[in-house]
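Engineer: There's a structure below that I have some questions on.
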Amino acid sequence: MNNRHSAITDLAYIAVFAALIIVLAFVYIPSGTPGVPIVLQNAAIILAGLILGARRGFLTTALFLFIGLIGLPVLAGGRTTLAALAGPTAGYLVGYLAAAFLAGLIAYRAPRNNRAAMIGIFLIAGLVGLLSMYVFGALGLMLRAGMDLGAAIVAQAPFVIPDLIKTVVMVFIAVGVHAAFPQLRGAKPKAKTKAQVTQQPEGTPKA
């Protein structure tokens, strides 16, 4: 019964965050650079990993990309997953999956009872996730747009500072969510008592 309840809860989390990622594809923040709006979708993907962990974060991202495969406009600019796969930004889709997984994998190693350490590890997790987006995005630009590595890096340069700011904001949101809902990471493992540590089965030879 507990396993069934856990599976249903996981499905609910995945569905809610997939919907959030899709909604934020249509939210833009004006930037100081003409033609370079700040999009929140990539930050939401990192947030999903930080809050839900590697497995659920990956499945959340896979779900929203799958919805785009059936023709719904789930990506920034109203594009579908199929349209993005056919263009030079295909690498970012792979980066989205990697970002959610890696961010969650690292974040869930953070201690529960040390807020400062948790923030530090979540920052590392978010930055690793963001870096994976840039790496796969650059590879996509090189393979699909014929750019060399330098040109691919330059093409991404205007987004670096806004993305770093968004990632830091997502980190603090995620830390706050985990503080409010510690059950997201599952039951806290019980520490062994002194008696359990020192107890030896009968017949066990002592050193």
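Following this note's numbering, the numbering of the sequence shown begins with 158 at its first residue and continues without gaps.
Just so you know, even glycine gets a beta-carbon here, dropped at the ideal spot from N, CA and C.
Near L280, which residues of its chain fall below 6 Å by C-beta distance, leaving aside the five closest residues on each side in sequence?
Structural biologist: V328
Engineer: Would you call the stretch 269-288 and the stretch 240-260 in contact, with 3 or more CB pairs under 8 Å?
Structural biologist: yes
Engineer: Would you give the residue range spanned by the alpha helix (DSSP H) that F338 belongs to?
Structural biologist: Looking at the DSSP string, F338 is not in any alpha helix (DSSP H), and its letter there is neither H nor E.
Engineer: Specify whether the stretch 268-277 and the stretch 175-190 touch according to this definition: at least 3 beta carbon pairs, one from each stretch, less than 8 Å apart.
Structural biologist: Short answer: they don't touch.
Engineer: If you run the structure through DSSP and keep just helix, strand and coil, what is H162?
Structural biologist: Reduced to three states, the DSSP call for H162 is helix.
Engineer: Closest to I322 by CA distance: which of L287, G228 and L298 is it?
Structural biologist: L287
Engineer: Taking the continuous alpha helix (DSSP H) assigned at N199, which residues delimit it?
Structural biologist: Unbroken alpha helix (DSSP H) run through N199: Q198 to L226.
Engineer: Under three-state DSSP, which class holds L288?
Structural biologist: helix
Engineer: Tell me the DSSP secondary structure of Y265 in three-state form.
Structural biologist: Coil, per DSSP.
Engineer: Are the stretch 220-234 and the stretch 300-312 touching, with three or more C-beta to C-beta distances below 8 Å?
Structural biologist: no
Engineer: If distances are taken between C-alpha atoms only, which option among F338, L232 and I165 comes closest to Y185?
Structural biologist: L232
Engineer: According to DSSP, is L259 helix, strand or coil?
Structural biologist: Helix at L259.
Engineer: I'd like the list of long-range same chain contacts for R342, defined as Cβ closer than 8 Å, with 5 residues on each side in sequence excluded.
Structural biologist: G210, Y265, R269 and H335
Engineer: Using a threshold of 8 Å, state whether the C-beta atoms of G283 and I203 are closer than that.
Structural biologist: yes
Engineer: Using the DSSP secondary-structure output, state which residues sit across from Y185 in a beta bridge.
Structural biologist: V196
Engineer: Would you decide whether L300 is buried or exposed? Buried here means 16 or more other CB atoms lie within 10 Å of its CB.
Structural biologist: Its Cβ having fewer than 16 others within 10 Å, L300 is exposed.
Engineer: Using C-beta distances below 8 Å, list every residue in its chain close to L239, excluding the 5 sequence neighbours before and after it, in chain order.
Structural biologist: Result list for L239: G225, L226 and G228, in chain order.
Engineer: Would A205 pass as a contact of T217 if the rule is Cβ separation under 8 Å?
Structural biologist: yes
Engineer: Rank L254, G303 and A176 by C-alpha distance to the C-alpha of Y291 and give the top, closest one.
Structural biologist: L254
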